[in-house]
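Below: the structure, in structure tokens.
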Amino acid sequence: MRKITILCWVMLSLVLTACASGPISRSDSVGFEESGKASYYAMKYQGRKTASGELFDQKAMTAAHKRLPFGSKVKVTNVANGKSVVVRVNDRGPFVRGRIIDLSKSAFQRIGNTRSGVIKVEIEVLR
1 MRKITILCWV MLSLVLTACA SGPISRSDSV GFEESGKASY YAMKYQGRKT
51 ASGELFDQKA MTAAHKRLPF GSKVKVTNVA NGKSVVVRVN DRGPFVRGRI
101 IDLSKSAFQR IGNTRSGVIK VEIEVLR
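Going by full-length UniProt numbering, 29 is the number at position 29 of the sequence shown; the sequence numbering is gapless.
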């Protein structure tokens with residue numbers, strides 16, 4: 001009985017480790033798809049350093065994602081109107097529950113209205 005208990009604990013820990021949401025490798029990220037909500041950076045972040053070390057620029061086509069490698073090119077599509085934009089991941093975030101990606105204001109404006117603040121999107125890693 002003790003061996004079965006130990007085996008169950010080992011299996012449970014392996015399953016939980018496999019489900020952990022750590023970084024995705026560059027080779028595994030191509031073709032990665034996700035859907036959820038997107039928001040955009042507030043103006044107070046303009047010129048601040050991103051997690052990748054570069055300065056944030058509201059006019060650049062960039063984004064923040066929790067797990068995708070820096071430099072990844074991601075197609076972001078607004079589910080409501082079908083408009084899409086390609087952005088480059090250069091930061092980490094968003095850190096608000098339910099959001100999957102933060103876009104620069106310029107990128108957000110190409111696919112949605114900034115007055116809404118948050119839009120439902122689908123993302124696909126191109127490279």
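Even glycine gets a Cβ: it sits at the ideal position worked out from N, Cα and C.
Proximity of the stretch 78–89 to the stretch 61–70 meets the contact definition, three or more beta-carbon pairs being nearer than 8 Å.
Note on geometry: alpha-carbon atoms of Ser104 and Gly31 lie some 22 Å from one another. Boundaries for Ile24: no beta strand (DSSP E) harbours it, and the DSSP string shows neither H nor E there. For Phe70, the CB contacts under 7 Å within the same chain, skipping 5 residues up- and downstream, are Ser52, Val89 and Asn90 in chain order. When the Cα atoms are used, Glu124 and Ser116 turn out to be separated by approximately 22 Å. Counting the other CB atoms within 10 Å of its CB gives Leu126 a total below 16, which places it among the exposed residues. Taking C-alpha positions only, Ser29 is separated from Gln46 by approximately 28 Å.
The beta carbon of His65 is closer than 6 Å to those of Val89 and Ile101 in its chain, skipping five residues each way along the sequence.
Residue range Val118 to Val125 is occupied by the beta strand (DSSP E) that includes Lys120. Contact check for Ala38 and Val121: beta-carbon distance about 4 Å, within the 8 Å limit, so the pair qualifies. A residue is called buried when at least 16 other Cβ atoms come within 10 angstroms of its Cβ; Gly82 does not meet this threshold and is exposed. Residue burial is scored here from C-beta neighbours: Gly112 has at least 16 other C-beta atoms within 10 angstroms and is therefore classed as buried.
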